[in-house]
Amino acid sequence: MRSLVVVAVLLGSFGHAEAGRKSRQKASVLSGAAAGVSGAVTLAGFLTTAEGEAFNQPVLFTGVGLLFVTPSLGEFYAGQYLTYGMGIRALATGLAVYALETQTRKVRCDVPGASTEPNCEIFTEGAYPLLGIAAIAFIGGVWYDVLDAGDAADRYNAKHGFTVTPTMLPGSAPGLMLGGTF
């Protein structure tokens with residue numbers, strides 16, 4: 000009889016409550032697919048340009064806005080609503096805005112019929128490295144969130160669940176310990 004109890008305790012020792020578990024794969028797919036769709040919308044902002052325009056502003060800005068939030072969908076699924084990737088993207092956006100506001104100058108437009116007034120705005124030499132760093136950091140923030148989504152699901156599962164562990168206590172009866180994290 001005692002060996003039957005020990006076997007039952009050992010079999011139960013590997014148990015973990017399944018209700019409410021988050022899937023590592025689902026979190027990764029959510030983040031990856033959302034980042035891919037957002038990237039496609041951003042690319043469409045460049046490819047659907049009207050004649051004479053540099054890019055399609057509404058589509059491009061929609062894509063960039065989506066890229067700011069959607070790569071974190073896997074973390075949202077796992078109950079983590081602020082991520083390091085979002086922070087990196089926010090800092091990168093701030094650096095890009097800073098570069099666009101401070102690293103431009105007015106010049107006379109180099110087109111036929113332009114007035115002599117400086118009415119065109121161009122980047123100074125300092126704008127390019129700052130914008131490059133901002134772009135790399137922004138993409139890095141997206142990539143971080145896509146890679147971290149599965150780990151976020153694991154962190155959620157580690158914090159939420161019950162475990163059953165066999166316990167050896169002094170005395171004649173075998174013990175059983177039940178624990179949980181909430």
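Numbering (numbering that gives the first Met the number 0), first residue to last: 0 to 181. Just so it is clear, CB atoms sit at the ideal spot from N, CA and C, and this is done for glycine as well. None of these values were measured; they are calculated from a predicted model.
Buried/exposed call for residue i, threshold 16 Cβ in 10 Å
i      : result
Ala16  : Low local confidence applies: a pLDDT of 43 at Ala16 is under 50, so the model's placement there is unreliable, with the coordinate-based value given in what follows. Looking at its Cβ environment, which holds fewer than 16 other Cβ atoms inside 10 Å, Ala16 is exposed.
Arg88  : buried
Phe185 : Here the chain covers residues 0 to 181 and nothing more, so residue 185 does not appear.
Lys21  : buried
Gly62  : buried
Ala53  : exposed
Thr47  : exposed
Asp147 : buried
Thr123 : exposed
Tyr143 : buried
Leu42  : exposed
Asn118 : exposed
Ala133 : buried
Neighbourhood of residue i by C-beta, 7 Å cutoff - its chain only, sequence neighbours within 5 removed
i      : result
Val145 : Ser30, Gly31, Ala34 and Pro70
Val40  : Val58, Thr61, Gly62 and Leu65
Residue i - DSSP class collapsed to helix/strand/coil
i      : result
Gly84  : helix
Glu100 : helix
Phe67  : helix
Gly19  : coil
Gly160 : strand
Glu120 : strand
Val28  : helix
Val110 : coil
Close beta carbons around residue i, own chain, < 8 Å, minus the five adjacent residues each side
i      : result
Thr115 : Arg107
Arg154 : Ala77 and Gln79
Ala49  : Asn55
Val68  : Met85
Candidates the options: closest to residue i by CA position
i      : options                           : result
Val36  : Thr82, Gly160, Thr123 and Leu66   : Leu66
Ala95  : Ala136, Asp109, Leu42 and Pro111  : Ala136
Val141 : Gly38, Lys25 and Arg23            : Gly38
Ala184 : Lys158, Gly160, Ala151 and His159 : In the structure as shown, the chain starts at 0 and stops at 181, and residue 184 therefore has no counterpart that could be examined.
Phe75  : Asn118, Gly149 and Ala157         : Gly149
Ile138 : Gln24, Gly19, Leu90 and Leu81     : Leu90
Val28  : Gly19, Gly51 and Gly73            : Gly73
Neighbourhood of residue i by C-beta distance below 6 Å, restricted to the same chain and skipping five residues each side
i      : result
Gly170 : none
Thr82  : Ser71, Glu74 and Asp144
- Item | Any 3 or more C-beta pairs closer than 8 Å across the segment 123–141 and the segment 100–112 | Three or more pairs of CB atoms, one per stretch, sit closer than 8 Å, so the segment 123–141 contacts the segment 100–112.
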